[in-house]
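Student: Take this structure, written in structure tokens, and hold onto it; I'll ask about it next.
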Amino acid sequence: MTALSAAHPVVQRRRRPVSPFIVLSRALIGLIVAVQVYPLLWLFLTSVRTEQDYTEGNPFALPASVTLGNYVRAFRVGNLGRNIVNSLIVTFGANLLIVALGMMAAYAITVLGFRFSGAVRAVFLLGIVVPVQIALVPLFIDYSRVGLLDTYGSMILPLAAFALPMSVYLFGSFFGYVPREAYEAASLDGAGPYRIFFGITLPLSINTIVTVVLVNSIFIWNDFIFANTFVLSDGLKTIPLGLQNYIGAMGKVDWTATFAAVCVTITPLLLVFLVLNRAVIQGIESGASKG
Amino acid sequence: MLPSRSRLSVLVFLLPPLLIYGIAVLLPILQSLFLSFFSWDGTTSPTFVGTANYVRLLVGDDIFWQAFTNTLIYVAISLVIQIGGALLVANLLFTLTRGHAVVKTLYLLPAVISTVAIAFLFQRIYSVQPEGLLNQLLHGVGLGQLQQPWLSNVRTVLAAVSIPEGWRFTGLYMLILHAALLAVPTELEEAARLDGASRWRVFTAIRFPYIRPVWITTLIMAVTYDLRGFDIPYLLTNGGPGQSSELLTTYMYKTAFTSTDYGYASSISVFIVVECLVAVALIFLLLRRRDQS
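Next up, the structure:
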């Protein structure tokens, strides 16, 4: 306490007492954060409750006893392992396309430059406001013609394409910050556009790549609409579809086991998010301040 | 412009992204436009019907108009929670001396959860048997007479499916707005405070105008994203009971994949795109007009 008051001069402390406004505001923050977090906490608590405790107990109370039986049932009844592998494949594939294609387009538009680069950029940016629903019927028809229905590709292609505008925008605005002298010097040394791309642009873009991958992973991992429209066979179902199947598969809904399955499937992304949340938050903040 | 570039190198970098984008985004837009002038069930050959689908949509389909009204209410409720909540928390965060990172992380947490998980969660929050969190809470604070089946009551269901959408993304918009507020010069605020301006005045006269470009961007993001909201209403109620929580997106989806009426579904999805573009144009137009006055 003495160290604290030494650090903050007493005069200043007296002039700025903790006003009722500050107290109220902090309480309000606490309340709002509780509304955001409590449902998720409740989900975890429910996943370790016994079934009887769930149907008869007070939902706000702590579990009467902790059981892992729900998790055992969740794995036995569902196809969780397969669903997780499928989600990993789709997330990896789509991210690869989003990063590679996004960087290439941004490089061509911002760094190389060409006559209609402004128009091409505008066509890409337009995609930010295009709702994904417009593509469902046409893609469904096209896929069934070329036999792409019910494949990993049927999910990866639209997921990547609809995320591409944001990726082109983010990489483009980052490439704009790279000093032109760096490119010109390399050019004078005889480096061509490919060497400059791999030698200068790519290594400098690591931070932007991390941001793009993190933000997109959240959307791809959780994608429901494309998977629900284009995938039919159980072996290809991603996590959101697998979860939805749960309820049907069990006839009478086994909510505690379903919640256990939900917990298993949200944990990987949640862990990545909690470990890397600084990068996610900074990514969103910097993307916004440029906009 | 790079001096050593060649026409070929531009094509090498530009064509692959343009191809993927063209196949999965641009081409489907044209295909939908084209299909919207046909009647097609997917098996027999399509027949050209001219503007019949659009006439049906605009004057002959009560469900379409109910879905449109529902969509506007859905967007309004989500926006109030998303942008209103985000602005509130972004401002209140300044009264905290520490723990900003923790609050931001926790506030953003729901954005990480899949919509299917969120639908399960809210189904249980609204449930009656066993008594869900909301009904239990009402009972606990002495408002037991308000308890009801939120998802099967036609008067509450639309709000009930809108709230999860707002809840989910308010953290994202809060981060963006808070980052913008951090850039407001403190000298300005302090000078105003010394002149006796209230906190509310400082907010309305300095902070809010200062971050204007950012909240316009945020507003456009939120409106266009909410207009395509689909997952949560589809999973929670599938538009029901009746059509009381039907959105344009869920109606389009059912028309396409349950009734396999591809032509009519395409005209609805063209309408959804137009609606998004009109919304963006309106936001620009209304806010620019205020600039000039």
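Read top to bottom, the protein sequences are chains A and B.
Under our numbering, residue 291 is the last one in the first sequence; the count climbs by one each step, no gaps.
Under our numbering, residue 1293 is the last one in the second sequence; the count climbs by one each step, no gaps.
For each residue, glycine too, the CB sits at the ideal point set by N, CA and C.
Computed from a predicted model, the values in this text were never measured in an experiment.
At which residues does the alpha helix (DSSP H) containing Gly153(A) begin and terminate?
Tutor: In the first sequence, the residue the question calls residue 153(A) occupies position 153. From DSSP, the alpha helix (DSSP H) with Gly153(A) extends over Tyr152 to Phe175.
Student: Do the region 184–202 of chain A and the region 253–262 of chain A make contact, defined as three or more Cβ pairs closer than 8 Å?
Tutor: Flag = no, the region 184–202 of chain A and the region 253–262 of chain A do not touch.
Student: Mapping the DSSP letters down to three states, classify Thr1047(B) as helix, strand or coil.
Tutor: Position 47 of the second sequence, counted from the start, is the residue given in the question as residue 1047(B). DSSP places Thr1047(B) in strand when its eight states are reduced to three.
Student: Can you tell me the Cβ-Cβ gap for Gly1144(B) and Leu1138(B), rounded? I've got them flagged as a contact below 8 Å.
Tutor: Taking the first residue of the second sequence as 1, we reach residue 1144(B) at position 144. Taking the first residue of the second sequence as 1, we reach residue 1138(B) at position 138. At roughly 6 Å, the Cβ-Cβ gap stays under 8 Å, so Gly1144(B) and Leu1138(B) are in contact.
Student: In chain order, what are the residue ranges of uninterrupted alpha helix (DSSP H) at least 4 long that sit wholly in the region 211–239 of chain A?
Tutor: The region 211–239 of chain A contains these whole alpha helix (DSSP H) runs: 225–230.
Student: Looking at chain A, is there any beta carbon in it that lies within less than 8 Å of the beta carbon of Arg1005(B)?
Tutor: Here residue 1005(B) is taken as the residue at index 5 of the second sequence, counted from 1. Arg1005(B) counts as touching chain A.
Student: Near Val120(A), which residues of its chain fall below 7 Å by C-beta distance, leaving aside the five closest residues on each side in sequence?
Tutor: The residue labelled residue 120(A) in the question sits at position 120 within the first sequence. Answer for Val120(A): Ile109, listed in chain order.
Student: Please list, in chain order, the residues of the region 1089–1102 of chain B that have any C-beta partner in chain A closer than 8 Å.
Tutor: Answer set for the region 1089–1102 of chain B: Val1089, Leu1092, Leu1093, Thr1095, Leu1096 and Ala1101.
Student: Going along chain B in order, which residues have a C-beta closer than 8 Å to the C-beta of Phe75(A)?
Tutor: Residue mapping note: residue 75(A) aligns to position 75 of the first sequence, counting from 1. Neighbours of Phe75(A) on chain B: none; closest Cβ ~17 Å, over 8 Å.
Student: Threshold first: 4 residues or longer. Then list the alpha helix (DSSP H) segments lying entirely within the region 1014–1096 of chain B, N to C.
Tutor: Those alpha helix (DSSP H) runs which fall completely within the region 1014–1096 of chain B and span 4+ residues are 1027–1035, 1052–1059, 1062–1079 and 1085–1092.
Student: State the Cα-Cα distance for the pair Val1157(B) and Arg1124(B), rounded to the nearest angstrom.
Tutor: Along the second sequence, one-based indexing puts residue 1157(B) at 157. Along the second sequence, one-based indexing puts residue 1124(B) at 124. Their backbone Cα atoms lie some 14 Å apart in a straight line.
Student: Would you call the region 138–148 of chain A in contact with the region 209–219 of chain A, where contact means no fewer than 3 C-beta pairs closer than 8 Å?
Tutor: At 8 Å Cβ cutoff, the stretches do not touch.
Student: Does DSSP classify Met250(A) as helix, strand or coil?
Tutor: Indexing the first sequence from 1 puts residue 250(A) at position 250. The predicted model places Met250(A) with a pLDDT of 49, which falls under 50 and marks its position as unreliable; any figure quoted below should be read in that light. It is coil, neither helix nor strand.
Student: From what residue to what residue does the alpha helix (DSSP H) around Glu1165(B) run?
Tutor: Residue numbering aside, residue 1165(B) sits at position 165 when the second sequence is read from its first letter. First-last of the alpha helix (DSSP H) with Glu1165(B): Val1157 to Leu1182.
Student: Suppose contacts are defined by Cβ-Cβ distances below 8 Å. Is Phe1037(B) in contact with Val1025(B) by that definition?
Tutor: Here residue 1037(B) corresponds to residue number 37 of the second sequence, with the count starting at 1. Here residue 1025(B) corresponds to residue number 25 of the second sequence, with the count starting at 1. In this structure, Val1025(B) does not lie closer than 8 Å to Phe1037(B) by Cβ.
Student: From which residue to which residue does the alpha helix (DSSP H) around Glu1246(B) run?
Tutor: Along the second sequence, one-based indexing puts residue 1246(B) at 246. Neither: Glu1246(B) is in no alpha helix (DSSP H) and is coded neither H nor E.
Student: For Tyr1126(B), name the three-state secondary structure that DSSP assigns.
Tutor: Counted from its first residue, the second sequence places residue 1126(B) at position 126. Looking at Tyr1126(B) - three-state DSSP - the assignment turns out to be coil, as it is neither helix nor strand.
Student: Determine the DSSP secondary structure at Ile1211(B), reduced to helix, strand or coil.
Tutor: Within the second sequence, the letter at position 211 stands for residue 1211(B). Correct three-state label for Ile1211(B): coil.
Student: Asp189(A) by DSSP, collapsed to three states: which one?
Tutor: Position 189 of the first sequence, counted from the first residue, corresponds to residue 189(A). In the structure shown, Asp189(A) sits in coil (DSSP, three-state: anything other than H, G, I, E or B).
Student: Note down, in chain order, each residue of its chain lying with its Cβ closer than 6 Å to the Cβ of Val1223(B), except the 5 sequence neighbours on either side.
Tutor: The sequence position of residue 1223(B) within the second sequence is 223, counting from 1. Ala1279.
Student: Which of the three DSSP states, helix, strand or coil, is assigned to Ala7(A)?
Tutor: By one-based count along the first sequence, residue 7(A) stands at place 7. At Ala7(A), the pLDDT of 45 sits below 50, so the modelled position is not reliable; the number obtained from the coordinates is stated separately. Of the three classes helix, strand and coil, the one that applies to Ala7(A) here is helix, per DSSP.
Student: What does the Cβ neighbour count give for Gln52(A), buried or exposed, with the cut at 16 atoms within 10 Å?
Tutor: Position 52 of the first sequence, counted from the start, is the residue given in the question as residue 52(A). Exposed.
Student: Could you say which of Tyr1126(B), Thr1217(B) and Thr1047(B) lies nearest to Ala1159(B) if we only look at CA atoms?
Tutor: Residue numbering aside, residue 1159(B) sits at position 159 when the second sequence is read from its first letter. Closest option to Ala1159(B), Cα to Cα, is Tyr1126(B).
Student: Would you kindly work out how many angstroms separate the C-alpha atoms of Leu149(A) and Leu136(A), rounded to a whole number?
Tutor: Position 149 of the first sequence holds residue 149(A). Position 136 of the first sequence holds residue 136(A). Leu149(A) and Leu136(A): Cα-Cα distance of roughly 12 Å.
Student: Should the region 66–74 of chain A be regarded as contacting the region 216–226 of chain A, the criterion being three or more beta carbon pairs within less than 8 Å?
Tutor: No, the region 66–74 of chain A does not touch the region 216–226 of chain A.
Student: For Leu40(A), count the other beta carbons within 10 Å of its own beta carbon; 16 or more makes it buried, fewer makes it exposed. Which is it?
Tutor: As a first step, residue 40(A) is located in the first sequence; it is residue number 40 there, counting from the start. Buried.
Student: Alpha carbons only, please: which of Gln244(A), Pro165(A), Leu202(A) and Val146(A) is nearest the one belonging to Ile98(A)?
Tutor: Walking along the first sequence from the start, residue 98(A) turns up at place 98. Minimum Cα distance to Ile98(A) is reached at Pro165(A).
Student: Is Arg26(A) close to chain B, meaning its C-beta is less than 8 Å from at least one C-beta of that chain?
Tutor: To locate residue 26(A), count along the first sequence from 1; it is residue 26. Output row for Arg26(A): interface = yes.
Student: Among Arg195(A), Asn216(A) and Trp221(A), which has the Cα closest to the Cα of Ile238(A)?
Tutor: Taking the first sequence and counting its residues from 1, one reaches residue 238(A) at position 238. Reading off the sequence, residue 238(A) comes out as Thr, not Ile. If we check each option's Cα against that of Thr238(A), Trp221(A) comes out closest.
Student: Measure the C-alpha to C-alpha separation of Thr1051(B) and Ser1269(B) and round it to an integer number of angstroms.
Tutor: Position 51 of the second sequence holds residue 1051(B). Position 269 of the second sequence holds residue 1269(B). Distance between the alpha carbons of Thr1051(B) and Ser1269(B) is about 15 Å.
Student: Nearest-angstrom Cα distance between Phe60(A) and Ile22(A)?
Tutor: If you number the first sequence from 1, residue 60(A) lands on position 60. If you number the first sequence from 1, residue 22(A) lands on position 22. Computed Cα separation, rounded: 29 Å.
Student: In angstroms with no decimal places, state the Cα-to-Cα distance between Phe1064(B) and Gln133(A).
Tutor: Stepping through the second sequence from its first residue, residue 1064(B) is reached at position 64. Stepping through the first sequence from its first residue, residue 133(A) is reached at position 133. Spanning the two alpha carbons is a distance of roughly 16 Å.
Student: Any C-beta of chain B sitting closer than 8 Å to the C-beta of Thr229(A)?
Tutor: As a working mapping, residue 229(A) is identified with position 229 in the first sequence. With 8 Å as the cut-off, Thr229(A) counts as an interface residue toward chain B.
Student: Using a Cβ-Cβ cut-off of less than 9 Å, list which residues of the region 1044–1056 of chain B approach chain A; keep chain order.
Tutor: So the list is empty, because no residue satisfies the distance condition.
Student: Could you tell me which chain B residues have their CB closer than 8 Å to the CB of Gln133(A), listed as they occur along the chain?
Tutor: Your numbering for residue 133(A) matches position 133 in the first sequence. Per Cβ cutoff of 8 Å: Arg1228, Phe1230, Thr1249, Met1252, Tyr1253, Ser1269 and Ile1272.
Student: Using a Cβ-Cβ cutoff of 8 Å, what residues of the region 192–207 of chain A are near chain D? List them in chain order.
Tutor: No chain D appears in the structure shown, which is made up of the protein chains A and B.
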